[in-house]
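Presented below is the structure to which this report refers.
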Amino acid sequence: MAKRGIAKRPFQLPVFIAATGIEKMRQAYIKKENSKRSKQKQRGCTQPKMGKMDIDYQDLHGAFFKYQTKPNLTSHGDLYYEGKEFEVKLREMKPGMLSRKLKEALGMPDGAPPPWLKSMQLYGPPPSYPCLKILGLNAPVSPGDSFDDAPGEWGNPPIGEEEPLDRSKHWG
582 MAKRGIAKRP FQLPVFIAAT GIEKMRQAYI KKENSKRSKQ KQRGCTQPKM GKMDIDYQDL
642 HGAFFKYQTK PNLTSHGDLY YEGKEFEVKL REMKPGMLSR KLKEALGMPD GAPPPWLKSM
702 QLYGPPPSYP CLKILGLNAP VSPGDSFDDA PGEWGNPPIG EEEPLDRSKH WG
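Structure representation (structure tokens):
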């Protein structure tokens, strides 16, 4: 059963196997099979003739032992779930990390909070990354930095998820 809203791409042969030319041979064989009459197809089922497609063994050896590339695998202990192969792998850019060029474009000095921190403190973390740790929002700031509403400061201090209960009012 497929996941709703996701159109699965048709299977494509890996590049090293497609280089052997097997796809062209297979297409020609399928075309020939489609042109046969039903009596010829039935005879082929009872008396099959093997060895119709002849591929050079050197090409096969080269494809599987010399030119084969390693497929993308999950790391040890990762749990597979439906649609994991369609997720975007973030290798260079990661959410929450600001590049040097972006900091220069925004005019941010080193160690300063991003300009959208106060909006995040007001509305919460981005819904796409609920577990992302953001300094000044749900992670502590570095020692020496202070919380204030002045420009370049870290805004309001983060509120703890669990506030201490007053046991005289809440019991049980």
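Numbering (the numbering used here), first residue to last: 582 to 753. By construction, the Cβ of each residue, glycine as well, lies at the ideal position given by its N, Cα and C atoms.
Asked                                                                                                           : Found
Distance CB(PHE597)-CB(GLN639) smaller than 8 Å                                                                 : no
Inter-stretch contact (C-beta, 8 Å, three-pair minimum) for the region 626–634 and the region 656–668           : no
Nearest to LEU716 (by Cα), restricted to the options SER709, ILE603, GLY736                                     : GLY736
Length of the line joining the Cα atoms of GLY643 and TYR710                                                    : 44 Å
Buried or exposed (CB count within 10 angstroms, at least 16 for buried), GLN702                                : buried
Presumed contact (8 Å Cβ cut-off) between PRO721 and PHE728, rounded CB distance                                : With 8 Å as the limit, PRO721 and PHE728 do not qualify as a contact, their Cβ atoms being about 11 Å apart.
Residues sharing a beta bridge with LEU716, DSSP                                                                : ALA720
8 Å Cβ cutoff met for PRO724 and LEU713                                                                         : no
Contact check, LEU718 vs LEU687, beta carbons under 8 Å                                                         : no
MET631 vs MET606 beta-carbon contact at 8 Å                                                                     : no
Same chain only: Cβ atoms within 7 Å of THR601, ignoring 5 sequence neighbours per side                         : ILE636, ASP640, LEU641, ALA644
Own chain partners of ASP691 with C-beta closer than 6 Å, once the 5 adjacent residues on each side are dropped : none
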